[in-house]
Each structure stands twice: as structure tokens, then as C-alpha cells.
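In our numbering, the protein residues as written are 2 to 78.
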């Protein structure tokens with residue numbers, strides 16, 4: 002993983018801010034969800050767990066999700 006990559010910040014913060022500022026939304030975590038397909042499903046769950054104030058729901062469609070051995074991930078015990 003390239004440590005200079007800011008993809009999580011882009012999706013989890015910048016896209017959220019853009020959508021809320023350009024469209025009529027309810028800008029609250031209870032009204033916002035993130036989901037993805039395959040590795041995007043893993044990414045969606047990862048972003049949602051890292052940003053609980055931004056997303057009230059998260060989904061993974063056929064995602065590569067295996068919570069075993071993820072003790073270092075926030076929200077997965």
C-alpha cells in the first residue's frame with residue numbers, strides 16, 4: 002500500500018462534503034450509507050468503521066470480509 006495514497010480520505014470525507022454541499026441531502030450520519038462490491042465492499046466497511054461519525058450504515062456485496070485476525074481494526078472484536 003502506498004502511504005501517500007489518500008483514497009480513504011477522498012471517499013470518506015471529500016466526496017461526502019462535496020455531495021452535501023452540492024445536493025439537497027440530510028447531512029447526518031443517520032442519513033448516510035456506504036457500500037461496495039467485492040474489494041469495494043471491504044473498502045466500504047473499512048471506511049465506515051474508521052469514520053463512524055460520517056456513516057450510519059455500511060454494506061458489503063460479495064466483499065472480501067474475514068473478521069478473524071482483525072483485532073487491530075477499530076470496531077471489529
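All C-beta atoms in this analysis are idealised placements derived from N, C-alpha and C, irrespective of residue type, glycine included.
Residue 59 and residue 33 have their C-alpha atoms spaced approximately 9 Å apart. With respect to residue 39, residue 63 sits close: the two C-beta atoms are nearer than 8 Å. When the beta-carbon positions are compared, residue 36 and residue 42 come within less than 8 Å of each other. For residue 42, the enclosing alpha helix (DSSP H) has its first and last residue at 40-51. Distance between residue 26 and residue 49, taken at the CA atoms: about 18 Å.
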